[in-house]
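Heads up: the structure comes next, in structure tokens.
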Amino acid sequence: MVGFPRLQGFWFALQFLTRLPTPWPHPATTEELGKALPYFPAVGLLLGLLLVGLDAALRPFLAPPVVDALLVATLLGLSGALHLDGLVDTCDAVCAPATPQARLALLQDSRAHDPGALAACLLLLAKFAALRALPAGARPATLLVAPLLARWAIVAAYWAYPYGRRTPGASLALKAHATTPCAAASTAFTLGVLALALGPGALLVLGGTGLLVHLAAVFLRTRLPGLTGDTYGAIAELVEAGALVFVPLVLYAHG
Amino acid sequence: MASAPSPSTPAPPRRAVPGYLLGFLVALQFLTRLPVPAGLPVAGPALGQALAWFPAVGLVLGGFLIGADVLLSLVLPRPVVDVGLLVLLALLTGGLHLDGFMDTCDGLFSLRSPAERLAIFRDSRVGSFGVAGLASLLLVQWAALGALPAAFRPAMLLVALCLARWAMVYAIVAYPYGRAEGLGRGFKDHASGRALLAATLLAAGAAGLLLGPAGLAGLALAAGATWLFARYCLARLPGLTGDTYGALDELIETLLLVALPVLVRYLPAWRP
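Here it is as structure tokens:
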């Protein structure tokens, strides 16, 4: 047994959500993976800390646009494009002229079609533009909380909306563990970090993120029988880009 | 217009291309869309000779980019010129390496068995990982082009393109090939330490002359990055393939465009 048994869930979350090395020697079974859900925001915080550190390390040496492009690529690489893959598949599926049930099959198509490719390019461009526009004062806090909010959004979406598939898999196991105590614990953790990083704007940022998740989920449920693993990834990417755009505004509105 | 041969005399046999030139032309034929004489060999020992000339092809491509850079800069602002350079490079190479990069992203980032990964390489369609990889690669390249210091811009373009093609030679010679056949197979079969030595001398000479110690540090950086990349690939594949050679070319090019300005700041370089 490596690490503290209580931290098992964190290691599983890290293994599932990132390409970072974990002290966990074997891939988590779907059963074990369920325990990971409450730790998703903690993994987001870790990614945020890595981004802040990388930003500070690179900025003395490289031109600002190069640093911003590398941050976008790093965030993508750390997650192994897990969530962006979900966005691509989700856009391909919801744009297809098909019934909601037939779209479930389209989500499993590993190829990228026009809507997905377009969405991926636009999303990465939006993140890059948002980073270029970050005011220096808001930069570390925004980089820190964007990945955190994205992973909290996944937990919130698991908890709040019906799951679309019946087939066993990672997402079904996670859905089974998306209980109210789990959602409450990860929300409390997220709110605590937000309060430390953003001060009085924390509630507004969390509320705005919740609203974005809700709007996305309402739209997705008009096109699909329920949410699936891919759509959680799409929501995470949307929230991450949204956070990079809007968190600086909230920081400035609160002085 | 060449005059048509008179019907009484048979068409003269194609003039034999001297050996050193043959290697260069075959390398051009494989790595670029530039016009080359028809009838060049596409298999056999000429591929081995071509390997030695890969870095020279990088210099030729760099020459085209420098020319375009000078001309476009007369009328267009820097960020637009940089997009133009990326487009020109994709056209000159026929998107060969970008295609390899996308296939490699699809094959290496999805959680599959080595055999399935090789099948994904063969699939000409693109997956999410390829799209995401391509978009971020081009973004980083574009940002890096915009940050090249003006005084070193031509030299850095030449060195980055030259060393990226050298890295392919290093990977082809030094690491096992993953398939029984394929575009890369012919190169691997005829690869030799001599070709790597010649390519290395050419690359080191160009990098050293153009950027001094910073250029040689770039060569060392490219070698280290190639070693890491090959280790990463070989942990997931039975061997390297043509697609991974292309991915390596793109990655080294990007790495050098980002790193050369830093190296020049901390190591002495020739002042133009």
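In order, the protein sequence lines correspond to chains A and B. The opening residue of the first sequence carries number 1202 in the numbering used here; numbering runs sequentially from there. The opening residue of the second sequence carries number 12 in the numbering used here; numbering runs sequentially from there. Glycine included, every Cβ here is placed at the ideal spot set by N, Cα and C.
#### Entry: Proximal chain B residues relative to V1273 of chain A, where beta-carbon distance stays under 7 Å
S147, L150
### Query
Are at least three pairs of beta-carbons, each pair with one atom in the stretch 212–226 of chain B and one in the stretch 61–70 of chain B, less than 8 Å apart?
yes
### Query
Which class does Y188 of chain B belong to by DSSP, given the choice of helix, strand or coil?
Here DSSP, grouped into helix, strand and coil, assigns Y188 of chain B to strand.
### Query
Can you tell me the Cα-Cα spacing of L1395 of chain A and G195 of chain B, whole angstroms?
52 Å
### Task
Would you grab the beta carbon distance between V1289 of chain A and G1317 of chain A for me? Rounded to a whole angstrom, and I think it's under 8 Å.
3 Å
### Per-residue contacts from R1340 of chain A into chain B (C-beta, under 8 Å)
Residues of chain B passing the Cβ test: none, with the nearest at roughly 17 Å.
### Message
Give the list of continuous alpha helix (DSSP H) stretches no shorter than 4 residues that lie fully inside the stretch 1280–1354 of chain A.
### Response
1283–1296, 1301–1308, 1315–1334
### Query
Per DSSP, L174 of chain B forms a beta bridge with which residues?
BP columns for L174 of chain B are empty, so no partner.
### Query
Does the beta-carbon of L212 of chain B have 16 or more other beta-carbons within 10 angstroms, so that it is buried, or is it exposed?
exposed
### Task
Give the single residue among B:G73, B:A49, B:R44, B:Y31 whose Cα lies nearest to the Cα of R176 of chain B.
B:G73
### Message
Distance check for L1349 of chain A and Q1309 of chain A, CA to CA, integer angstroms please.
### Response
27 Å
### Query
Going along chain B in order, which residues have a C-beta closer than 8 Å to the C-beta of G1281 of chain A?
The contacting residues are F120.
### Query
Cβ of A158 of chain B less than 8 Å from any chain A Cβ?
yes
### Task
Would you mind sorting S124 of chain B into buried or exposed? The rule is 16 or more other CB atoms within 10 Å of its CB.
Exposed, by the Cβ-count rule.
### Query
Closest by CA to G226 of chain B, which one among B:E192, B:Y181, B:C173, B:D260?
It is B:C173 whose Cα lies nearest to the Cα of G226 of chain B.
### Query
In the structure shown, what three-state DSSP assignment does L1452 of chain A receive?
helix
### Message
If you measure between the beta carbons of A1351 of chain A and E1441 of chain A, is that distance less than 8 Å?
### Response
For A1351 of chain A and E1441 of chain A, yes; Cβs fall inside 8 Å.
### Task
Taking only beta-carbon positions, decide if G1317 of chain A is within less than 8 Å of chain B.
yes
### Query
Where do the ends of the alpha helix (DSSP H) carrying D1256 of chain A lie?
First-last of the alpha helix (DSSP H) with D1256 of chain A: 1241–1259.
### Task
Keeping to the same chain, check which residues put their C-beta closer than 6 Å to that of P187 of chain B; ignore five residues upstream and five downstream.
G250
### Query
DSSP three-state call for L1428 of chain A: helix, strand or coil?
strand
### Query
Residues bridged to L251 of chain B by DSSP?
B:Y188
### Task
Could you tell me whether the Cβ of C1296 of chain A comes closer than 8 Å to any Cβ of chain B?
no
### Task
Quick one: grab the DSSP three-state call for G11 of chain B.
The requested residue 11 of chain B does not occur in the structure, where chain B is confined to residues 12 to 283.
### Message
So, for T1429 of chain A: in the same chain, excluding its five sequence neighbours on each side, which residues have a beta-carbon less than 8 Å away from its beta-carbon?
### Response
L1305, L1308, Y1364, G1365, R1366, S1372
### Query
Per DSSP, which one or two residues make a beta bridge with Y1364 of chain A?
A:L1428
### Message
So for T1231 of chain A, helix, strand or coil by DSSP?
### Response
helix
### Task
Measure from the alpha carbon of D110 of chain B to the alpha carbon of each residue in B:F120, B:V137, B:L119, then state which is nearest.
B:V137
### Query
Where does the unbroken alpha helix (DSSP H) through L83 of chain B begin, and where does it stop?
65–86
### Query
When the distance is taken between beta carbons, is L1407 of chain A closer than 8 Å to T1381 of chain A?
No, the pair does not count as a contact, with Cβ atoms beyond the cut-off.
### Message
8 Å is my cut-off, CB to CB: does V1267 of chain A come that close to chain B?
### Response
yes
#### Entry: A1313 of chain A vs V47 of chain B beta-carbon contact at 8 Å
no
### Message
Using the Cβ count rule (16 or more neighbours within 10 Å means buried), how would you classify A15 of chain B?
### Response
Legend: pLDDT at A15 of chain B = 44, less than 50; position of this residue unreliable, value from coordinates given subsequently. So A15 of chain B counts as exposed.
### Message
Please report the distance separating the alpha-carbon of A258 of chain B from that of M113 of chain B.
### Response
8 Å
#### Entry: Where H1415 of chain A falls: helix, strand or coil (DSSP)
helix
### Query
Mind pulling the chain A residues with CB within less than 7 Å of S135 of chain B?
By Cβ distance, chain A contributes nothing, its closest Cβ being about 11 Å from S135 of chain B, past 7 Å.
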